[in-house]
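Quick notes on the structure that follows.
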Amino acid sequence: MINISRIYADHSTTGDPLRYGKEHGGSVAHSHHFKGHATAKAASERRPVVVWNISKRCNLKCIHCYTNSDCNVAENELSFEEGKLLIDNLAEFKIPALLFSGGEPLMRPDVFELAAYAAGKGVRPVLS
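With my numbering applied, the sequence shown covers 1 to 128.
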């Protein structure tokens, strides 16, 4: 990932340590946001930030949306137990963060339980 804001404006964001590591352009100034979440120092040590579209459900019809969402549960949506298994696998791979996206992730009733489960496994949960 290339940080255009950092290159042109010398501007760091709170997500930089996750994306680049503290020693590779990440901002140490915001490190308090990442207590308990290790940031890698070398590219070979870094893991991807994962985006999981946890639901196709959405209560809006945004013209720019790429998901073709509606208010119905998709037939292939992972169950809570399947979601926990996915999180277990991602935690074993040592990903730094899991972005819960969708549709609208807040339309899934167990989103906060899944986020808490991820946090308990050392994966930083983020709503996207």
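Glycine included, each C-beta is placed from N, C-alpha and C at the ideal position.
### Query
For Asn-68 versus Gly-102, is the C-beta spacing smaller than 7 angstroms?
Counting from 1 along the sequence shown, the entry for residue 68 is found at position 68. Counting from 1 along the sequence shown, the entry for residue 102 is found at position 102. If you check the CB distance, Asn-68 and Gly-102 do not come in under 7 angstroms.
### Query
When we look at the beta-carbon of Lys-94 and count the other beta-carbons within 10 Å, is it buried (16 or more) or exposed?
Counted from its first residue, the sequence shown places residue 94 at position 94. With fewer than 16 other Cβ atoms within 10 Å, it is exposed.
### Query
So what does DSSP say about Ala-116, is it helix, strand or coil?
Counting from 1 along the sequence shown, the entry for residue 116 is found at position 116. Helix, per DSSP.
### Query
For Cys-65, which residues of its own chain have a beta-carbon under 8 angstroms away from its beta-carbon, when the five flanking residues on both sides are left out?
Here the question's residue 65 lines up with position 65 in the sequence shown. Excluding residues within five positions, the ones whose Cβ falls inside 8 angstroms are Cys-58.
### Task
To the nearest angstrom, report how far apart Lys-56 and Glu-45 are at their CA atoms.
Translated into positions along the sequence shown, residue 56 becomes position 56. Translated into positions along the sequence shown, residue 45 becomes position 45. Looking at the backbone, the Cα of Lys-56 and that of Glu-45 are separated by about 33 angstroms.
### Message
Going by DSSP in three states, Asp-88 sits in which element: helix, strand or coil?
### Response
If you number the sequence shown from 1, residue 88 lands on position 88. Asp-88: helix per DSSP, three-state reduction.
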